[in-house]
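Numbering (numbering that gives the first Met the number 0), first residue to last: 0 to 290.
Okay, so here's the structure we're looking at.
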Amino acid sequence: MTEAVPSFFVYGEPDRPLDVGFLHVETVMARRNVHLGEVSAHRHARMAQITFWTSGHGAYFIEDRRLDFLAPTVSFVPSGVVHGFSVEPATSDAIVLSIADSALVPMRRQTILPLDAPLLITDRSDDEGWRRLSQVMDQIASEYRDNRPGADQILLALTAVALTEIARLRPDQTVDGPSESGLLASEFRRLVDLHFRDNWPVDRYVSTLGTTPHLLGRACEQSFGKSVKAFINERRLLEAKRLLQFTIRPLEDIAYEIGFKDAAYFSRFFKLKAGMSPSEWRADHSGAASR
Numbered sequence: 000m001t002e003a004v005p006s007f008f009v010y011g012e013p014d015r016p017l018d019v020g021f022l023h024v025e026t027v028m029a030r031r032n033v034h035l036g037e038v039s040a041h042r043h044a045r046m047a048q049i050t051f052w053t054s055g056h057g058a059y060f061i062e063d064r065r066l067d068f069l070a071p072t073v074s075f076v077p078s079g080v081v082h083g084f085s086v087e088p089a090t091s092d093a094i095v096l097s098i099a100d101s102a103l104v105p106m107r108r109q110t111i112l113p114l115d116a117p118l119l120i121t122d123r124s125d126d127e128g129w130r131r132l133s134q135v136m137d138q139i140a141s142e143y144r145d146n147r148p149g150a151d152q153i154l155l156a157l158t159a160v161a162l163t164e165i166a167r168l169r170p171d172q173t174v175d176g177p178s179e180s181g182l183l184a185s186e187f188r189r190l191v192d193l194h195f196r197d198n199w200p201v202d203r204y205v206s207t208l209g210t211t212p213h214l215l216g217r218a219c220e221q222s223f224g225k226s227v228k229a230f231i232n233e234r235r236l237l238e239a240k241r242l243l244q245f246t247i248r249p250l251e252d253i254a255y256e257i258g259f260k261d262a263a264y265f266s267r268f269f270k271l272k273a274g275m276s277p278s279e280w281r282a283d284h285s286g287a288a289s290r
């Protein structure tokens, strides 16, 4: 456990500003000497990642969940999501495609995969789907490595294809593109990520998004299954859980970090939402933070 969940550029490298449209491709085992198959909890502040496991097996850690997997497996992790994994380095490898948030913005209209929530797909029943995804990811790796003329444009197009192939592997995924309501929900999520610590009232989100309370409420319910206020509170609760699980900061600091001026009120809020006090939750989840 550390003072804060680290934010990396790629694993082991300090965070840094990204060029608009930035993409990065490498294999997990290209950094074997850094992690030895044990990638501890971290996040990427400005980019999402596709990780396509081509061999091996292990355990993924996404926020406070542990997910066992066996290749082929693919994950999509949006920016800001705490994640890590544990694998056997001698037998495991994956292609990792890192995508700047700025590059994802135009892709929202080019793919059917929701880009605001993490997912991990291990179901191997669709052999043809996995074959197509493998071909696309191999082509992405080849284009990135060879860097021939036009590679930047091809890589962005291929990334949108890869995201859609991932969506097709989900049995519950529709084939429709994102609706206007879905796009509004995505923008709302982005604003909540930026301002949940600032205690913005709902009407400020409404005015910033140029919408109405009714439309925002409907978009939030359709996309997240929650009211606007419930979604904001869930984001604050998630950040509290991150800080409790992955840092050693005292409760007073965590309360202030997520917008509470009073630690006692934060504790009441947390217990109401999580069913136990912050201290109890930290004790129950402290083991996963050391992985």
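Even for Gly, the Cβ is constructed at its ideal location relative to N, Cα and C.
Note that the structure is predicted; figures quoted are calculated from it, not measured.
Query: Presumed contact (8 Å Cβ cut-off) between T50 and V104, rounded CB distance; Result: No, T50 and V104 are not in contact; Cβ-Cβ is about 21 Å, not under 8 Å.
Query: Buried or exposed by the 16-neighbour rule on C-beta atoms within 10 Å, applied to H43; Result: buried
Query: Per DSSP, the bridge partner or partners of Q48; Result: V76, S97
Query: Local Cβ density within 10 Å of R188, reported as buried at 16 or more and exposed below that; Result: buried
Query: Environment of V33 [buried if 16+ CB atoms lie within 10 Å]; Result: exposed
Query: Heavy atom of the ligand FAD within 7 Å of K270 beta-carbon; Result: No copy of the ligand FAD appears in this structure; indeed no ligand is present at all.
Query: DSSP state of S285 mapped onto helix, strand, coil; Result: helix
Query: Spatial neighbours of E186 in its chain, beta-carbon cut-off 7 Å, leaving aside the 5 residues before and after; Result: L208
Query: Pairwise C-alpha distance: F75 and I120; Result: 9 Å
Query: Pairwise C-alpha distance: A282 and R217; Result: 37 Å
Query: Where the alpha helix (DSSP H) containing A218 begins and where it ends; Result: 212-223
Query: Beta-ladder partner(s) of V24, from DSSP; Result: L96
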